[in-house]
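In the numbering used here, the protein residues as written are 41 to 257.
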């Protein structure tokens, strides 16, 4: 059985890498309780007909890459994640019929377009930006650079909570919930969609954002 293309790095483990090495085996079985809006985000962009190259930052176990491959069967997909343990799960999920998927084991600490054949028509962040602390501002800047003219950024992520105890618990799990992401996204992209929704009766909110690279016209 062949696997998606794979480029590994040997950087020292970060706390996030250690965290996901522990959680990788149970991630798909447990995170559906928390990670709302992923299917809705993909549905909201699935009718676009000019998507040839897709980048998902923080692709994890490959769940979204699988859905993106089905939504855009002719597109070349790149999935990037810092966790080798999570990518090991992705390789099993993305079997030989998805040879148009490339997996990169690295941080999103620089744009990828300088090493790719071309820039990307779609960049996706699914519950990744809220875990980049520090680094979320730079990741958004890299996405702007990686997108082609008219390219689209699609994001679903945690937004905020009014319960300080829950906020501290999420911070312990590397998640920042301070409503800090959507304003910067709206400032850097021409907003097509921004929806903030409640989870578990308002225990927290999450958001869906779709925006176009500015200056595309």
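Beta carbons: idealized from backbone N, C-alpha and C, even for Gly.
Next on the checklist: So for residue 91, helix, strand or coil by DSSP?
Outcome noted: Under the three-state reduction of DSSP, residue 91 is assigned to coil, being neither helix nor strand.
Item to check | Beta-carbon proximity list for residue 232, same chain, < 8 Å, skipping 5 on both sides | outcome: Closer than 8 Å at Cβ, skipping near neighbours: 192, 250, 251, 252.
Item to check | For residue 129, the nearest candidate out of 224, 148, 103 (CA to CA) | outcome: The shortest C-alpha separation from residue 129 is found at 103.
Checklist entry - Going by the beta-carbon positions, is the gap between residue 95 and residue 118 smaller than 7 Å? => result Taking 7 Å as the Cβ cut-off, residue 95 and residue 118 qualify as a contacting pair.
Item to check | Euclidean distance between Cα positions of residue 108 and residue 206 | outcome: Just so you know, the alpha carbons of residue 108 and residue 206 end up roughly 32 Å apart.
Next on the checklist: For the beta strand (DSSP E) containing residue 10, name the first residue and the last one.
Outcome noted: This structure gives no information on residue 10, because the portion of the chain shown stretches from 41 to 257.
Item to check | Three-way DSSP call (helix, strand, coil) for residue 120 in this model | outcome: Looking at residue 120 - three-state DSSP - the assignment turns out to be strand.
Next on the checklist: Assuming contact is defined by CB atoms lying nearer than 7 Å, are residue 91 and residue 112 in contact in what I supplied?
Outcome noted: Yes, Cβ-Cβ distance for residue 91 and residue 112 is below 7 Å.
Checklist entry - Helix, strand or coil: how does DSSP classify residue 114 here? => result Residue 114: coil per DSSP, three-state reduction.
Checklist entry - What does residue 237 pair with, by DSSP beta-bridge criteria? => result In the DSSP output, where bridge partners are listed per residue, residue 237 has 246.
Next on the checklist: Going by beta-carbon coordinates alone, are residue 164 and residue 186 separated by less than 7 Å?
Outcome noted: The answer is no: Cβ separation not under 7 Å.
Checklist entry - Is it buried or exposed for residue 2, if we count other Cβ within 10 angstroms and need 16 for buried? => result The question about residue 2 has no answer, for the chain in this structure spans 41 to 257.
Item to check | Residue closest to residue 77, alpha-carbon to alpha-carbon, out of 106, 180, 242, 236 | outcome: Residue 77 has its Cα closest to that of 236, out of 106, 180, 242, 236.
Item to check | Three-way DSSP call (helix, strand, coil) for residue 214 in this model | outcome: Assignment of residue 214 by DSSP, reduced to helix, strand and coil, places it in the coil class.
Checklist entry - Who are the near neighbours of residue 200 in its chain, counting only those whose CB is closer than 6 Å to its CB and skipping five residues on each side? => result The answer, listed in chain order, is 217, 219, 245.
Checklist entry - Got a sec? Which residues, its chain only, sit under 6 Å from residue 247 by beta carbon, not counting five neighbours each side? => result Counting only Cβ-Cβ distances below 6 Å, and skipping sequence neighbours, we find 199, 222, 236.
Checklist entry - Straight-line CA distance for residue 171 to residue 105? => result Straight-line Cα distance between these residues: approximately 19 Å.
Checklist entry - In three-state terms, what does DSSP make of residue 145? => result The DSSP-derived three-state label of residue 145 is strand.
Checklist entry - Is the CB-CB distance between residue 166 and residue 196 below 7 Å? => result Cβ atoms of residue 166 and residue 196: closer than 7 Å.
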